[in-house]
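Worksheet: the structure to be examined is printed underneath.
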Amino acid sequence: MTGRAKAQYTDAFLLNYDDNEVRIASEFLSNWLPFLARDLCKSCTNTISHRIRSLHTERVAAVSSPSILDANHYKEDLGDCSARSTGSAKDSADNYDDDDTHSLGSWKDEADRLSEQAIEASSTSEALNSSARQPRPKLKKSWADMAMEEELVAGEDNDESNGLVDVNDSFSEGTSVAEAKPKVALSRDQRECIRFSRVQRKKDFICLERIDGKIVNILEGLELHKAIFSAAEQKRIVNHVEQLEEMGRNGQLKARTYTAPQKWMRGKGRITLQFGCCYNYATDKKGNPPGILKAEIVDPLPQLFKVMIKRLVRWHVLPPSCVPDSCIVNIYEEGDCIPPHIDNHEFFRPFCTVSFLSECDILFGSNLKIVGPGEFEGSFAIPLPLGSVLVLKGNGADVAKHCVPAVPSKRISITFRRMDDTKRPIGYTPEPDLQGLQPLMDEEERSSKYNASRDRRISRRPADGGEPMVDRGRGLASENPNSRYSGRTRQGPPYRRRFQSNQEY
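Next up, the structure:
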């Protein structure tokens, strides 16, 4: 297999996979052995265990001369995009069962593919050996990619609503796989960059109101990011929220994590889940004022929510300087609402809210009016599509109030916020895997980086008739101190300085 380390295994079935894939499969299946062997008899369990261990044995005993993997195969085209990964193999294996068609691939299809290959292997080893010598394109992901993927979804193979990363989107309807020309499989980082490039962002909301005698755009700072989470990812997140809700009802979460007050009127009493900190909306029975309750302990952020946070930072929705460390989940039933308010300043700006299950409007205005139960009047309404993220900062967070009128059907929202460091609960410990997050490098940044690198190369070229240039500390100087260009090359010609200055804007 060209460009890939491949061992000569004794089992014909393994000839379809390179050494790295078999190693990943061995580690992956070993971690999942307790689940795979559950409810099986001792004999079957021993058989499965022996088969998994044999993968490692075959790999160690195989005689091979693997070629060096080209780790930079895709990096030249993607720049810094492929240098960072959304997560670890452990997170992927522990938290996600399967994936959506255009990101990880269907676990079911992967199993079907392996079964078909096993039947083919048992039919004739000669045919297998022949096919092993001929490289063939892969339409599915390898075990290595599968284990290293950190995606949110347990996808459906036929999830046509997710057109974010369609590797084979040139296939026409009715074209069979056999007739279609197979494409080169994309790496996880490449697919992430494609999805990232297709995110729709709106940052130019305008609503002018007179505030303290001045005309102010009360929506300054609002941002709406669409297509952040695909349909399959939304399904995975909603299922997880429902599991957390069930745990709360059964008393499996801390007391202040899950709250389900009695509905005493239309629009009141929605279910909430708080992670990272407990926020008090109004003065409680103990006399605690609105704000973060330092003495109350709630459950930490669920792992899936932390993966969502990583997505928000990597995809330029939230800045790395304001990584959320808490969240509140609002579960709306039909008719539930949120009254007009401005979020407490014990949470830093920006913060954001993600919408699931049904679309609804959020109203903004400096003077929102309550018309009736769950009914409000405001200056500006913003529809919140499914899977979208609304970011609040600036006037949109601090001047304008916002509210959610009675929703027409069940809805879930997850609001991520970062606490003021001085307001964190007693004993709070920051999440280690949320430290040092960095965003992906977008096209503009890659272009700017390329131009800067090109300018540096140009500045190092020797002037006509001059001597070769050498790097002397902070500046560039000619090796010949008497050269007529020695003074100019230290600072660069005037036109070049103007060009470099223009690159900053």
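Residue numbering for the sequence shown follows full-length UniProt numbering, starting at 1 and increasing by one per position.
Glycine is no exception: its CB is placed at the ideal position from the N, C-alpha and C atoms.
Only a predicted model underlies this, so the values are computations on that prediction, with no experimental measurement involved.
* Asked: On the three-state DSSP scale, how would you describe asparagine 20?
  -> helix
* Kindly identify the DSSP beta-bridge partner or partners of glutamine 274. => Ile328
* phenylalanine 345 versus Lys286, Gly394, Leu33, Asp204, residue with shortest Cα-Cα distance -> As written in the sequence, residue 345 is histidine, which differs from the phenylalanine given in the question. Here the closest residue by C-alpha is Gly394.
* Let me know if valine 22 comes out buried or exposed under the rule of 16 or more other beta-carbons within 10 Å of its beta-carbon. => buried
* **Delimiting residues of the beta strand (DSSP E) encompassing arginine 411** => 411-417
* How would you write the range of the alpha helix (DSSP H) that histidine 240 sits in, first residue to last? -> 231-249
* Asked: Is phenylalanine 356 helix, strand or coil by DSSP?
  -> strand
* Anticipated Cβ contact below 8 Å, threonine 257 with valine 298, distance rounded -> 4 Å
* Please confirm if the stretch 332-341 is in contact with the stretch 421-430, defined as three or more CB-CB distances below 8 Å between the two stretches. => no
* **Residue(s) in a DSSP beta bridge with asparagine 217** => Leu208
* To do: Would you kindly report the start and end of the unbroken beta strand (DSSP E) that includes glutamate 375?
  => 375-377
* In angstroms with no decimal places, state the Cα-to-Cα distance between valine 371 and glutamate 377. => 7 Å
* In DSSP terms, what phenylalanine 351 is bridged to -> Leu392
* Asked: Does the beta-carbon distance from serine 221 to glycine 396 come in below 7 Å?
  -> Sequence inspection shows glycine at residue 221; the serine mentioned does not correspond to that position. It is a contact, given that the beta carbons lie within the stated cut-off.
* Considering only residues of the same chain and omitting the five flanking positions on each side of serine 317, which have a CB-CB separation below 7 Å? -> Sequence inspection shows valine at residue 317; the serine mentioned does not correspond to that position. The answer, listed in chain order, is His225, Ile228, Cys352, Val389, Val391.
* Go to glutamine 200, then tell me how far its beta strand (DSSP E) extends in each direction, as first and last residue. => 200-202
* Asked: Can the beta-carbon of valine 323 be found less than 7 Å from the beta-carbon of leucine 434?
  -> yes
* Following the continuous alpha helix (DSSP H) through isoleucine 382, name the residue where it begins and the one where it ends. => Unbroken run through isoleucine 382 is the beta strand (DSSP E), 380-384; no alpha helix (DSSP H).
* Could you give the distance in angstroms between the alpha-carbon of threonine 489 and the alpha-carbon of serine 321? -> Residue confidence for threonine 489 is low, a pLDDT of 42 falling below 50, so the modelled location carries little weight and cannot support an answer.
* How long is the line joining the alpha carbons of cysteine 193 and lysine 235, rounded to whole angstroms? -> 22 Å
* Under 7 Å between the Cβ atoms of leucine 301 and glycine 276? -> yes
* Asked: Cβ atoms of proline 340 and leucine 384: under 7 Å apart, would you say?
  -> no
* Asked: Roughly how many angstroms separate the alpha carbons of asparagine 451 and phenylalanine 380, rounded to a whole number?
  -> 42 Å
* Simplified DSSP state of aspartate 361, which is helix, strand or coil -> strand
* To do: Take serine 172 and list the residues in its own chain whose beta-carbon comes closer than 7 Å to its own, dropping the five residues that flank it on each side.
  => Confidence is the limiting factor: at serine 172 the pLDDT is only 40, short of 50, which leaves the residue's position unreliable and the question unanswerable from this model.
* **Between the CA atoms of valine 399 and leucine 357 - distance to the nearest angstrom** => 29 Å
* Using DSSP with H/G/I as helix, E/B as strand and the rest coil, what is cysteine 44? -> helix
* Asked: Should glutamate 242 be labelled buried (16 or more other beta-carbon atoms within 10 Å of its own) or exposed?
  -> exposed
* Measuring CB to CB, does phenylalanine 205 end up less than 7 Å from leucine 186? -> no
* To do: Just the C-alpha distance for tyrosine 17 and threonine 45, rounded to the nearest angstrom, thanks.
  => 25 Å
* **Proximity to glycine 269 [Cα-Cα], best of Gly387, Ala406, Asp212** => Ala406
* asparagine 280 in three-state terms, based on DSSP -> strand
* **Residues of its chain near proline 261, where Cβ-Cβ distance is below 7 Å and the 5 sequence neighbours each way are ignored** => Gly269
* To do: Tell me whether the beta-carbon of isoleucine 362 lies closer than 7 Å to the beta-carbon of isoleucine 382.
  => yes
* Status (buried if at least 16 other CB within 10 Å, exposed otherwise) for lysine 310 -> buried
* To do: With 7 Å as the threshold, decide whether the Cβ of glutamate 209 is near any Cβ in chain C.
  => As a matter of chain content, chain C is missing from the structure shown, which is built from one protein chain.
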